[in-house]
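Going by the numbering used here, the residue at position 55 of the sequence shown is 55; the numbering climbs one at a time, nothing skipped.
Below you'll find the structure, written out as structure tokens, and then a few comments.
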Amino acid sequence: MLHLLIDADTGVDDSIAILYALLHPEVHVAGITTGCGNTSAAQAAENTLRLIHLARPGYEVPVVVGANAPLSGVWEGPVPHIHGENGIGGAQLPPSPQRVLEEDCSAFLYRMAEAYSGELTVLTLGRMTNLAAALRRFPELKRHLRRVVAMGGTLSCPGNVSPRAEANLAGDPEAADEVFSSGLDLTMVGLDVTERVRLRLAHLDAAERSCPPERRPVLDYMRSALGLYLDFTRFAEGSLENCPLHDPLAAIAAVRPEFFLTRRMRARVEPGGTWCRGQVVTDLRFRPFEAEYVNFCVEVDGDQAIRELFSVLCGAESMG
Ligand code: RIB
Ligand code: CA
């Protein structure tokens, strides 16, 4: 069993990643912490509670609200044109009877890491603020974590918020650089792979044909949440009826690392600058700068990833 602690800015793609983890028979979600990004940390927590209620994993999943601002400066606000007014594309999910756990996010992260000593994988789907803040306060946290898998960054693809930077790293580059420099076993699932694996409306159509009735609400939710997100992708990339699989692919990388080829390099995150803030900077020189090794996903078997996603979400076998 893979014990996962998810940190998310629960927007449209985060929500699909969270559903995948909650419904995966080989995954136990030990907790979910939220931060600002696609939406506020509080709204992300509300969305997360509703998603847990939708998935009904059969066990308790504590939800804790984390940082509503980067380590330095202020949050620039939500992105309703991509993730809707409520962060999940305007999809309406029934409220959950569960409430958020009123615990400090760093303390919660540390407590969970200690409880699962050496067995907990952290999956970050947003900015790395919560993890960096916990590492600042509890440096020994590093010893208790198995590994970190993070959606973020790009090596050779164009950025998605600037020519060189991806949103999660650009949103809090200081936090990302602290996590990069922590010595944690870190795998980055960046745009190099997430832009290549496309979620298509045709996948939803195919899944619908073989979906058992009890998973129908999950599929209905996805269709409703993805409308605006697909519209934005059409505007931003000119692509029709498909969108990149950012956060779900990171979740798949945590569970099925064999679908990915990684490259290990010393790397830091550019904390300042106008065009390059949040850029991943790797150093391949003979005498490199002071930096830890980070694993970067550089290739992915996209067909396998899509098959994995839909087989977990709705038992659909016939796609890819
Ligand atoms: O750049 C894509 C990432 O930014 C995804 O995690 C998306 O949810 C947003 O947080
Ligand atoms: Ca996200």
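Every residue gets a Cβ at the ideal spot worked out from N, C-alpha and C, and that includes glycine.
Top-ranked residue by Cα proximity to residue i, from the options
i, options, result
"Met128", "Met151, Leu155, Leu19", "Met151"
"Leu71", "Ala254, Phe296, Asn130", "Asn130"
"Asp283", "Arg266, Tyr293, Cys297", "Arg266"
"Phe310", "Ala21, Thr154, Ala113", "Ala21"
"Pro80", "Glu241, Phe232, Arg209, Cys297", "Phe232"
"Tyr110", "Pro97, Leu145, Ala91, Asn86", "Leu145"
"Thr48", "Ala305, Pro173, Ser15, Glu258", "Ser15"
"Glu195", "Glu290, Val280, Gly87, Pro158", "Pro158"
Exposed unless 16 or more other CB atoms sit within 10 angstroms - verdict on residue i
i, result
"Glu178", "buried"
"Met188", "buried"
"Thr274", "exposed"
"Glu76", "exposed"
"Asp192", "buried"
"Ser318", "Confidence is the limiting factor: at Ser318 the pLDDT is only 48, short of 50, which leaves the residue's position unreliable, though a coordinate-based value still follows. The residue in question, Ser318, is exposed, as its Cβ has fewer than 16 Cβ neighbours within 10 Å."
"Pro95", "exposed"
Residue i in three-state terms, based on DSSP
i, result
"Ile88", "coil"
"Pro25", "coil"
"Ala250", "helix"
"Glu299", "strand"
"Arg277", "coil"
"Phe289", "coil"
"Ala17", "helix"
"Leu261", "strand"
"Val74", "coil"
"Val79", "coil"
"Met112", "helix"
"Val312", "helix"
"Ser318", "With a pLDDT of 48 at Ser318, under the threshold of 50, the modelled position of that residue is not reliable, and the figure given next carries that caveat. Reduced to three states, the DSSP call for Ser318 is coil."
"Arg146", "strand"
"Ala55", "helix"
"Val255", "helix"
Inter-residue spacing [alpha-carbon to alpha-carbon] between residue i and residue j
i, j, result
"Gly183", "Asn295", "12 Å"
"Gly11", "Asn38", "6 Å"
"Ala176", "Asn68", "16 Å"
"Arg268", "Val148", "16 Å"
"Ala115", "His246", "29 Å"
"Cys297", "Ser210", "31 Å"
"Ala253", "Ser156", "19 Å"
"Pro78", "Gly278", "18 Å"
"Arg264", "Val27", "26 Å"
"Leu135", "Glu103", "17 Å"
"Ala225", "Arg285", "45 Å"
Extract the residue ranges of the alpha helix (DSSP H) inside the region 158 to 245, only unbroken runs of 4 or more that lie entirely within it. 167 to 171, 173 to 180, 191 to 194, 201 to 210, 216 to 237
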